[in-house]
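Novice: As they're listed, the protein sequences go chains A and B.
Here numbering that gives the first Met the number 0 is used: position 6 in the first sequence is 5, and no number is missing along the way.
Here numbering that gives the first Met the number 0 is used: position 99 in the second sequence is 98, and no number is missing along the way.
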Amino acid sequence: MATAQELANFLAEVELRAFRQAAYALHDDHLALDIVQDAMLKLSQSYGLRPVSEFPMLFQRILQNTIRDFYRRQKVRNTWTTLLSAFSNDDDDARDPLETLAPPDEDVSVIPAAQLEQDQTLAIIEKALHSLPPRQREAFILRYWEDMDVAETATIMGCSQGSVKTHCSRAVHTLAEILRKQGLTL
Amino acid sequence: MQEQDMAKHIVAVLKRGDHRLDQATLDRLASARRQAMAALPASAAEIKLAGVGKELATFLHEHRIWPALLAGAMLVMFILMQSAGNREPVGADSLLLAAELPPEAFLDKGFDTWLEQSAQP
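1. Would you call the segment 53–68 of chain A in contact with the segment 58–70 of chain B, where contact means no fewer than 3 C-beta pairs closer than 8 Å?
2. Near Tyr-23/A, what residues of its chain come up, given a Cβ to Cβ distance below 8 Å and the 5 sequence neighbours on each side ignored?
3. Should Thr-120/A be flagged as near chain B, meaning a C-beta pair shorter than 7 Å?
4. Can you tell me where the alpha helix (DSSP H) with Ile-64/B in it begins and where it stops?
5. Taking the continuous alpha helix (DSSP H) assigned at Met-147/A, which residues delimit it?
6. How would you call Ile-155/A, buried or exposed, if buried means at least 16 neighbouring beta carbons within 10 angstroms?
7. What are the residues of the segment 25–41 of chain A that lie near chain B, defined by any Cβ-Cβ distance shorter than 7 Å?
8. Could you tell me whether any Cβ in chain A is nearer than 7 Å to the Cβ of Val-75/B?
9. Under 7 Å, do Glu-2/B and Val-149/A count as touching if we go by C-beta distance?
10. For the segment 31–38 of chain B against the segment 2–20 of chain A, are there 3 or more C-beta pairs whose distance is under 8 Å?
11. From Glu-176/A to Arg-19/B, what distance separates their C-alpha atoms?
12. With DSSP collapsed to three states, give me the class of Ser-130/A.
13. Determine the direct distance from the alpha carbon of Ile-34/A to that of Ser-168/A, and round the result to whole angstroms.
14. Tell me whether Gly-47/A sits in a helix, a strand or coil according to DSSP, three-state version.
15. For chain A, is any of its Cβ atoms less than 7 Å away from the one on Gly-52/B?
16. List, from N- to C-terminal side, the alpha helix (DSSP H) runs of 4 residues or more that fit wholly inside the segment 26–83 of chain A.
17. Residue range of the alpha helix (DSSP H) that Gly-109/B falls in?
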């Protein structure tokens, strides 16, 4: 059984990755923070005294479910919005959600060239990750970022191991293709 | 480049992005962590009870059982109230059976008239 300190250490270790994972999925930092907070609370309230070794799987499962719940709620909300907006003008239908992302506010002139290049590479990869289908992104992050094996990823995603492999493979190929088109070689 | 190597390179670049998070985000994450720690139950029993309650509530909610439960409870209350309203006085049956007159006499419409007439001197 985990101690409070062990849970605190786990949350501190995982929070940044969880936030970025949620941000990639939701395209909104504030929502991502809410989702991570929700997932942390659920882990603590329901599984806080489980063995430490179970935390990564449990937390990822909670996080992914919380993100999916958000998608479901958003889908219902969008249905109503679409229905209601049919009565008003729909000039902004073609708007790309990525365009609403705030531009980086740092002054590029004060960043060293290497740092600037790294940041630009990161921005391109993040944008490519944004553009992946949700299941591919989820599989890619769990498998390669969270370093989970295929079986664990399949359990968290609630699908077969074969599906995980397919999602991961497609994700990597899509990312590689996007990066190649951007002229990026890793 | 192999698929796995490519993925690892991409993730390596992504991991470098952690240092780019602003202080407000880091503060908010720390606050979320503190809230989660404050919500940590004191014992396993507390977790189990909370879990059972939550599971039950989720089951009822997901299967839309709340309206059926409410309707059932109202039906039971209605039946109970009806049966309470129809309950007859406790001694009515025993009085009828113990009376000298047969029960049919009380149902006879002319019995009262006959009783009044025969009671007059």
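Cβ atoms here follow ideal geometry from the backbone N, Cα and C, with glycine treated the same way.
Specialist: From the atom records:
1. no
2. Glu-125, Leu-128, His-129, Arg-136 and Ile-140
3. yes
4. Where Ile-64/B is concerned, there is no enclosing alpha helix (DSSP H), given that its DSSP letter is neither H nor E.
5. Premise fails: Met-147/A is in no alpha helix (DSSP H) and is neither H nor E.
6. buried
7. Asp-28, Leu-32, Val-35, Gln-36, Met-39 and Leu-40
8. no
9. no
10. yes
11. 26 Å
12. coil
13. 27 Å
14. coil
15. no
16. 28–46
17. 108–118
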